[in-house]
Every structure is written in structure tokens, then in C-alpha cells.
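Asker: All you need for the working numbering is the position in the sequence shown, starting with 1, plus 6.
Cβ atoms here follow ideal geometry from the backbone N, Cα and C, with glycine treated the same way.
Owing to the predicted nature of the structure, the values given are computational and were not obtained by experimental measurement.
This structure is in C-alpha cells; I'll ask about it shortly.
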Amino acid sequence: MGGQPTEFIVAQLLVLFLGIGLHEYAHCKFADMAGDPTPGIQGRVTLNLFRHFEPVGTILILVSTWAGFGIGWGRPAPMDPRKMKNPRLDFFVAVAAGPVSNVMQAVVYAFLCRILLPMDALLSVDILTRFLGYFLLYGVLTNLALALFNLIPFGPLDGHWLLGLLMPDKPRYYWYRFNRQVGMFGLIAVVLILQSTHVNLIGRPLLYLFQLFTGHDFYDYPVPNS
């Protein structure tokens, strides 16, 4: 289990399930509100979060969390801006709704951290207290990470859609075509290069936002393998 306590793994899985599921639900809900019937036809305008996951991303979540770190993805939200009332604005809002939902979740977790979580909670002999500590801490950290990562402007991440929607028509066309052709490969290349050079693209802003939200540095807490 990568040396991780069971309550840590369960808390991480739950946080990821909620964070990714609600992220995809937010995309679908706002697209539906804008008049796009596509997510509704595919049964995606639902708080049954299991509908927002697909097998490979879900398996990766399970395996990576078991190994001590949690990554994965949900089913891409089916959205067609051509069917929205105001295609450019509504699509921007529907895309932005995913990362915004993660920030809102982080706010809730951070508020609960401030009122419920003593600094020594993770050292408690009570497993439920430790579970609550891990759940709240990683609720903040993971949701902020999901929001920041999804704002990276490489396809298929949300950031490339948002940046493109801020461009004039012709540059936007070429930007989206570029991302369809090489965006995923570019993203993988950037991640691999950063990993090999031990550079964390979102690490510094992530830890800054964690401290801003909770009032404490993440490493003030006795987290596993910190």
C-alpha cells in the first residue's frame, strides 16, 4: 500500500471521487442550463457521480491512490456549444464551471479544517479522527490541484478551451486545431520533462493557496511521507 495507512487511502479515494465527479457534473449542468441537450441525452446531468467516470481513469485512481498518490480522470463532459443560447459565452461558463466547482469544494473543506481540525489530529489514536483529518486536508489540497491542473492550456484540459475562447475567430481555429493534433502529446511531454527535472508546475501556487485557504502550511500537519 505504499506504506500509507488505510484511512489515508480511503480518504483520498473519497476526495477524488467527489472532486472529479462534481467537476464533470458542473460542466454538464451548466451546458444543460445553457440549452445544450447533449449532456441530458447522455444521462450526464445527474448527481449520481458514478455516471461521470470511465474505466481507465477510474482504475488509475484506484491504483495510484493505493500506491500513495492519487491521479485519474472522469468521462469528458459531452457539450456542444452550437446548441447553446449564447455559444461563446455559455461554453466559456460551462467549461469554467469544472475548475470553479473544485475551488468551491476546496473552500468548504478549508472552512471545516479551520473549525474542526486541530494540528495534531493525524496523530490521534482514534482512526475516525485521523480519517477526518486526511479527508479535510486532502479535500483542500486535491481540489486546488484539480483546479490548477485543469487550467493548464493544453488539450484536452479545460484551460485550452478557455484560452481559445478569449481569442479572435481565426487564431482560435488554429489554436484548437493545434490542440486536437498535438495537445495531448504536448501535455504528456511537459509532464514528463517536469517530472524528470523534479519541477512541479503547480506545486508553489498550490501550497500558497492551501495556506491562504486553511491558514496553515500543508507541511505543518504530520501527513504521510511528508
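Identify every residue that forms a DSSP beta bridge with Phe59.
Answerer: Taking the first residue of the sequence shown as 1, we reach residue 59 at position 53. Beta-bridge pairing links Phe59 to Gly80.
Asker: Where does Pro159 fall in DSSP's three states?
Answerer: Numbered from 1 along the sequence shown, position 153 holds the residue referred to as residue 159. Coil.
Asker: Any idea what DSSP makes of Asn149, helix, strand or coil?
Answerer: Numbered from 1 along the sequence shown, position 143 holds the residue referred to as residue 149. The answer is helix: DSSP assigns Asn149 an H, G or I state.
Asker: Pull up the distance between the alpha-carbon of Asp164 and that of Ile26, whole angstroms please.
Answerer: Taking the sequence shown and counting its residues from 1, the one referred to as residue 164 is at position 158. Taking the sequence shown and counting its residues from 1, the one referred to as residue 26 is at position 20. About 13 Å.
Asker: Do the segment 7-21 and the segment 135-148 make contact, defined as three or more Cβ pairs closer than 8 Å?
Answerer: yes
Asker: Are the CB atoms of Leu171 and Phe1 within a distance shorter than 7 Å?
Answerer: The shown model of the chain, from 7 to 232, leaves out residue 1, and the question about it has no answer.
Asker: Note down the Cα distance separating Ala32 from His222, rounded to an integer number of angstroms.
Answerer: The sequence position of residue 32 within the sequence shown is 26, counting from 1. The sequence position of residue 222 within the sequence shown is 216, counting from 1. Those two C-alpha atoms are separated by around 29 Å.
Asker: Kindly confirm or deny that the segment 149-165 and the segment 125-134 touch, where touching means at least three C-beta pairs closer than 8 Å.
Answerer: no
Asker: Going by Cα to Cα distance, which pick from Leu24, Asp175, Phe184 and Leu193 is closest to Phe56?
Answerer: As a first step, residue 56 must be located in the sequence shown, where it is residue number 50. The residue with the shortest Cα to Cα distance from Phe56 is Leu24.
Asker: Under three-state DSSP, which class holds Tyr182?
Answerer: In the sequence shown, the residue the question calls residue 182 occupies position 176. Tyr182: helix per DSSP, three-state reduction.
Asker: Hey, Pro45 and Met85 are a contact pair by Cβ (cut 8 Å); roughly how many whole angstroms apart?
Answerer: In the sequence shown, counting from the first residue as 1, residue 45 sits at position 39. In the sequence shown, counting from the first residue as 1, residue 85 sits at position 79. With 8 Å as the limit, Pro45 and Met85 qualify as a contact, their Cβ atoms being about 7 Å apart.
Asker: Roughly how many angstroms separate the alpha carbons of His166 and Val109, rounded to a whole number?
Answerer: The residue labelled residue 166 in the question sits at position 160 within the sequence shown. The residue labelled residue 109 in the question sits at position 103 within the sequence shown. If you take the alpha carbons of His166 and Val109, they lie about 19 Å apart.
Asker: For Leu169 versus Phe216, is the C-beta spacing smaller than 7 Å?
Answerer: The residue labelled residue 169 in the question sits at position 163 within the sequence shown. The residue labelled residue 216 in the question sits at position 210 within the sequence shown. No; because the gap between Cβ atoms is not below 7 Å, this pair is not in contact.
Asker: Does DSSP put Gly165 in a helix, a strand or coil?
Answerer: For this step, residue 165 is matched to residue 159 along the sequence shown. Residue state, collapsed to three classes: helix.
Asker: Excluding the 5 residues preceding and the 5 following Glu60 in the sequence, name in chain order all residues of the same chain whose CB lies nearer than 6 Å to its CB.
Answerer: For this step, residue 60 is matched to residue 54 along the sequence shown. Contacts found: Arg81.
Asker: Can you tell me whether Asp223 is helix, strand or coil according to DSSP?
Answerer: Position 217 of the sequence shown, counted from the first residue, corresponds to residue 223. Judged by DSSP in its simplified three-state form, Asp223 adopts coil rather than helix or strand.
Asker: Can you name the start and end residues of the alpha helix (DSSP H) that Pro93 belongs to?
Answerer: Residue 93 sits at position 87 when you count from the first residue of the sequence shown. First-last of the alpha helix (DSSP H) with Pro93: Pro93 to Leu122.
Asker: Quick one: using the 10 Å Cβ neighbour count with 16 as the cut-off for buried, is Leu53 buried or exposed?
Answerer: Counted from its first residue, the sequence shown places residue 53 at position 47. So Leu53 counts as exposed.
Asker: With DSSP as the reference, label Ala32 as helix, strand or coil.
Answerer: As a first step, residue 32 is located in the sequence shown; it is residue number 26 there, counting from the start. Note: Ala32 maps to helix in three-state DSSP.
Asker: By a C-beta neighbour count over all protein chains shown, 10 Å radius and 16 as the cutoff for buried, is Lys176 buried or exposed?
Answerer: On the sequence shown, position 170 is the one that residue 176 refers to. Classification for Lys176: exposed.
Asker: Considering Gly234, what are the terminal residues of the alpha helix (DSSP H) in which it resides?
Answerer: No statement about residue 234 is possible, as the shown extent of the chain runs from 7 to 232 and does not include it.
Asker: Tell me which residues share the same chain as Gly41 and place their Cβ nearer than 8 Å to its Cβ, disregarding the 5 neighbours each side in the sequence.
Answerer: As a working note, residue 41 is residue 35 in the sequence shown. Around Gly41: Lys89, Met90, Lys91 and Asp96.
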